[in-house]
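Numbering (our numbering), first residue to last: 1154 to 1270.
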């Protein structure tokens, strides 16, 4: 294994200043991203009770299709105004912990792998 890959795999590689994301601003596929493109967002420092994770893979399923069709009218969004408070698709992911807030340091470590559904 190369050193560069090992640093990446274990969550120790240097972080960029920003990451690319596809926010959803309303119903319809045309409302994903800005002008059909992903957006750059700063990478925050985790609060004391938070983890900073890298998303290694994410899955989409039919609930994401429903979200694209219904936008803020989706029952789990409670008529949220996505133009003002966007969301992101995908909720089944493989993650690597990059940084651990101080309150969680006994439970989690950088490089630890997690899955969420």
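All residues carry an ideal CB built from backbone N, CA and C; glycine is no exception.
Residue i, buried or exposed, once every other Cβ within 10 Å from all chains shown has been counted against 16
i, result
"residue 1197", "exposed"
"residue 1228", "exposed"
"residue 1195", "exposed"
Option in the options with minimal Cα separation from residue i
i, options, result
"residue 1265", "1256, 1249 and 1157", "1249"
"residue 1235", "1157, 1177 and 1169", "1177"
"residue 1202", "1260, 1254, 1269 and 1261", "1254"
"residue 1179", "1262, 1199, 1230 and 1225", "1225"
"residue 1239", "1168, 1220 and 1200", "1220"
"residue 1257", "1231, 1199, 1157 and 1217", "1199"
Start and end residues, alpha helix (DSSP H) containing residue i
i, result
"residue 1229", "Premise fails: residue 1229 is in no alpha helix (DSSP H) and is neither H nor E."
Proximity of residue i and residue j at Cβ, strictly below 8 Å
i, j, result
"residue 1251", "residue 1206", "yes"
"residue 1161", "residue 1204", "no"
Span of the beta strand (DSSP E) around residue i
i, result
"residue 1192", "1192 to 1195"
"residue 1207", "1204 to 1212"
Item to complete: Take every Cβ of the stretch 1238 to 1245, pair it with every Cβ of the stretch 1208 to 1225, and state whether three or more of those distances are shorter than 8 Å.
Response: yes
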